[in-house]
Amino acid sequence: MGLFMQHLCEPDTLCHHFLMVCYLAAIVWFMGLAFEPFTLRTYMSENAMGSTMVEERFSSGERALSLAKEFDAHKRKAGGMPMEWLVKAMQARGLEVFTQSFSRKLPFPDENKERYMVRGTNVYGILRAPRAPRTEALVITAPCSPGNSNNQAVGLLLALAQYFRNQIFWAKDIIFLVNEHDLIGMQAWLEGYHHTNITGYSPLQGRAGSIQAALSLELSSDVITSLDLILEGLNGQLPNLDLANLFYAFCQKLGVLCTIQGKLQRNDWDTAEGYTHAAQTMMLMVLKQACGRSWGDHGLFLRYHIEAASIRGINGFRHYKMDVATIGRLLEGMVRKLNNLLERLHQSYFFYLLPSLSRFVSIGYYMPAFGLLAVILLLRALDLWVNLGAPALEAVDGVTEAEQPSGPGVLTVLTPVVISHLTGVALYLLPVHLQEMAVEHFPVSETEAVVLTAVAIYTAGLALPHNTQRLLSGEGTEQGWKVLKLTALLYLAVLLGCTALINFSLGFILAVTLVPITASMTPHMPKALSALAMVLLSPAFTILYCVFIYQELIEAPVSVSEGWMLFLSVISQGILDHALYGSLVYPLLALFIYPCWLMFWNILFWS
Amino acid sequence: MDYYNLMRIFAFIHLLVSIPHGYSNYVETKAGQFFSSGHTNNWAVLVCTSRFWFNYRHVANTLSVYRSVKRLGIPDSHIVLMLADDMACNYRNPKPATVFSHKNMELNVYGDDVEVDYRGYEVTVENFLRVLTGRLPPSTPRSKRLLSDDRSNILIYLTGHGGNGFLKFQDSEEISNMELADAFEQMWQKRRYNELLFIIDTCQGASMYERFYSPNLMALASSQVGEDSLSHQPDLAIGVHLMDKYTFYLLEFLEEVHPASQANMNDLFKVCPQSQCVSTPGHRTDLFQRDPGSVLITDFFGSVRKVEITKDTINLTSPVEPPIQRSGSGDIQIESLTYVDQLPVAEIIHQKPKQKDWHPPDGFILGLWTLILLVFFQTYGIKHLKHIF
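So the sequence lines, in the order shown, correspond to chains A and B. If you're matching positions, the first sequence starts at 1 in our numbering and goes up one per residue. If you're matching positions, the second sequence starts at 1001 in our numbering and goes up one per residue.
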């Protein structure tokens, strides 16, 4: 039995084939999620929101556009946020207006900002509910962006504020927020509102109760052809599916074209094009969720358990165009339905994938795809565990009182682990801390310095096994690498499992590339080929492939050099997101995934 | 010729003499009819059990029955109105101080003279049962009491969310059909009603009257067991459904009824057939002693004072006509009524529960223990017993 188990998972055995089948099944299951008969139609779960039975009467589309023009003019004159004009405009509409100044020191200048210190002002007006106590609130925000963007959003915001002020059926306060510098301003406002004070902002003067839901508007043209819904937030968190259902229901009621990931839904699910369309939509959502950054101003609300979504108006090449009044009616309907809420949105799903706006895949359906990949790791670990125990069995069979062969020293196993993690810590800390030194010695900007330092440390890690072997006294033993592989497999399984629970897309993408190489890695494989395979499937290259696939999916394919530049900007954005908003993707990759991969790299070069 | 004239005069005199006699007969018949229903006063208990803005329609249901009942003559002092939530002053109501039953805001059933006796969180199962049975603390004001006697006809109307055998109160508790039946039995034993009409508009409403066992109860429900009662029409300006289908058509029917109308219960049973209501309304009359065809709507929904003006004295020596026997059920003997045992202990003690499943015989347990003891002694041997004893 021992002999049987020892060679169970060698290549060309049943176990080995089973693991390959598992891997293929996981991929097929994942791709099959986009197939329409396997998905469920979306439905409204919250009873208090009911159907779309409200009467929308918003009609001040022209007023919104004229306000947009005024806002644009004042913005140019002020060279940033036209604070006085906005405060006066909001006060004229009967809101209680407050401002918040914030300043933030970036770890390194972003290519957008090009300076270390970002200063700005948020302006927000609170529409108090005429008869209700000030216990709950809804938020509608529009970003103040430089140039020509988002003027119409602010104009529509002010027109809606004026229209809402005349209604008496509000049960919650409504906050109209115009934030500067997108996410940095939003972060400052949220921290001030909730008194979380992580980065040292002072609390806000005006407050309206606990926020139940938030909507972010991005509108840059007078007429639009479709509305795009953006759900992915920070760290891949998603709002409650009921918010997407609400948006879709109102789009259908008003006859507005609505898209998700910029793609319009198709009816022909049984054709190849229909399926690939749905699969592309789902892959885009997976990629966006995996990268862990907030894809709209709404993304930072989700951490505070506030369901939020961004709505972006797109002016495409279609005949049927809608004016701002229709968008105003849609928002009026949505806000009126959110007004009817008695509790926070919690009836529908929090973890889902959307192949289209009317079809969803819930966590119970997509998790088995990841489970199959985790099973591969666990079976391999089990096989190794049995293998490690088997030589002892053989000895016992032969001579009863034979001495057990001494296990590998703890140092032999612990050393690669500690060194890998130290490299990971270096990858996490050094790029930002060494940027001044790098700028002195090399003719690069700070951003480039940070990114290139990171890449350099990553590549330097590849040279580690050769050097550590020289330092250690003994040669690596057969037992040694097996114990290390066992530890590393279990470590990887736990890591990927925890990641998949929080951010399924990130866990799945990492698993798809890491599981095949790590499960089959032994020192006895051909060195050059397996080294190449390991490098090509390492986390950094995974990010590179994801960049290329993402560009393909949004129908803007890039060449290799452009892709490389994009890859570098993705890394810098990841580091910046972590420093500014607390995104966990960069620390996860640098401190945990990369050391884990390095441990397997060590195993490859064990002898 | 003379005889002919004499005959005519004789007939005329006979006619003159018989008119007052016939007239007093007519009046006596009418006087007899005064008491044919057996009741002298009317009460109404109208309950809405659900709160939250999206249950607007339940409050509108109750208020429309309240409106009809008040219009037909029952005063506020004889109506116990229980509303679990305040829709008229809800923050989300775009027309404050109104509750509409028809879309386009045709009919405001809230009016300006509504008197709500139990409001908000006071509408609980306990309070409802206390109102029915009269077991209220002495400090309860009169407006919150059901001060009925044995000559009162009571209308009880319930609406809300219900299921098979229960009605939900306020999202936190339920009343079961058995509790309701027992409450009515308590009312009967304490002589708190003469006749009782029970109307319920919920999903699976017929299950609530299945368990009644007290006499003089008539029940109507908006749907059978296994069916849902549906809401009628939304109003887009207010943003909610305004009424339930059954009560909507009930209100339309009641709007045609005036204090002198002779519409009877058979017309009420026909309200909202399945073609209009989608659910099948049901009714129960087997506990009721009179024929439903002879029961006027105003016996329960109105407070009709019967007045007949006469200039003559009337002999009420003939006894009051007994209640009209129901045709076709002559074999049901109506015995003289007695008080039941307060606590039929003998019945409780000697009654064995019905065993639907097969249970092993009692000796089995004894045998099992004997076996265990035997095995125990065999294992440890008799000699060890010496140490125990």
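Virtual Cβ for every residue (Gly too), placed ideally from N, Cα, C.
In the DSSP assignment, W1188(B) falls outside any beta strand (DSSP E) and lies within the alpha helix (DSSP H) extending over 1177-1189. By the rule that beta-carbons nearer than 8 Å mark a contact, L160(A) does not touch chain B. In the DSSP annotation of this structure, the continuous segment of the alpha helix (DSSP H) that includes L452(A) starts and ends at 446-461. Contact between S1050(B) and G1160(B) holds, since their C-beta atoms are separated by about 4 Å, short of 8 Å.
By the Cβ rule, the segment 1120-1140 of chain B counts as touching the segment 1079-1088 of chain B, because three or more pairs are nearer than 8 Å. Of all residues in the segment 331-365 of chain A, the ones placed with a Cβ closer than 9 Å to any Cβ belonging to chain B are R336, K337, N339, N340, L342, in chain order.
Distances from the alpha-carbon of A249(A) to those of F30(A), F541(A), M44(A) put M44(A) closest. At a cut-off of 8 Å between beta carbons, R1135(B) makes no contact with chain A. Taking a Cβ-Cβ cut-off of 7 Å, the neighbours of N47(A) in chain B comprise F1054, given in sequence order. The bridge partners DSSP lists for K1168(B) are H1161(B), E1174(B).
If only complete runs of 4 or more residues are kept, the segment 70-130 of chain A shows the alpha helix (DSSP H) at 83-92, in order along the chain. Rounded to the nearest whole angstrom, the C-alpha separation of V361(A) and E332(A) is 29 Å. The criterion of a C-beta distance shorter than 8 Å is not satisfied by N1153(B) and E1115(B). Per DSSP, Q212(A) is one residue of the beta strand (DSSP E) stretching across 210-218. For A137(A), the enclosing beta strand (DSSP E) begins and ends at 136-144.
Residue nearest to E70(A) within the set Q152(A), E232(A), E55(A), I140(A) is Q152(A) (criterion: CA-CA distance). Going by beta carbons, S226(A) and C258(A) fall inside the 8 Å limit. Judged by beta-carbon spacing, D1201(B) lies beyond the 8 Å limit of N1108(B), meaning their Cβ atoms are not closer than that value.
For R1284(B), the uninterrupted beta strand (DSSP E) segment begins and ends at 1282-1284. By the Cβ-count criterion, M599(A) is buried, with 16 or more other Cβ atoms from all chains shown falling within 10 Å of its own Cβ.
Rounded to the nearest angstrom, the Cβ distance from L353(A) to M285(A) is 6 Å, consistent with a contact under 8 Å. If you check the CB distance, I230(A) and S358(A) do not come in under 8 Å.
Residue G497(A) holds the alpha-carbon nearest to the alpha-carbon of P368(A) among E180(A), E56(A), M186(A), G497(A).
Chain A has a Cβ within less than 8 Å of the Cβ of G1239(B). Secondary structure at T259(A): strand, using DSSP grouped into helix, strand and coil.
Taken in chain order, the unbroken stretches of beta strand (DSSP E) that lie wholly in the segment 337-384 of chain A and span 3 residues or more are 352-356, 359-362. The Cβ-Cβ distance between L568(A) and V439(A) does not fall below 8 Å. Interface criterion not met: the Cβ of F301(A) is under 8 Å from no Cβ in chain B. Annotated three-state conformation of M1105(B) is helix, per DSSP. Among the residues facing chain A, L1236(B) is included, as its CB has a counterpart in that chain under 8 Å away. Listed in chain order, the non-local C-beta contacts of L591(A) below 6 Å within the same chain comprise G424, Y428, local neighbours out to five positions each way being set aside.
When secondary structure is reduced to three states using DSSP, N151(A) falls in the helix class.
Taking 7 Å as the upper bound on Cβ-Cβ separation, chain A lies near residues Y1091 of the segment 1077-1091 of chain B.
Apart from the 5 residues on each side of it in sequence, R329(A) sits with its Cβ closer than 7 Å to the Cβ of E56, F58, L254 in its chain, given in chain order. Taking R93(A) as reference, the option from N166(A), L510(A), H194(A) with the minimal CA-CA separation is N166(A). DSSP places N1042(B) in the uninterrupted beta strand (DSSP E) bounded by 1041-1048.
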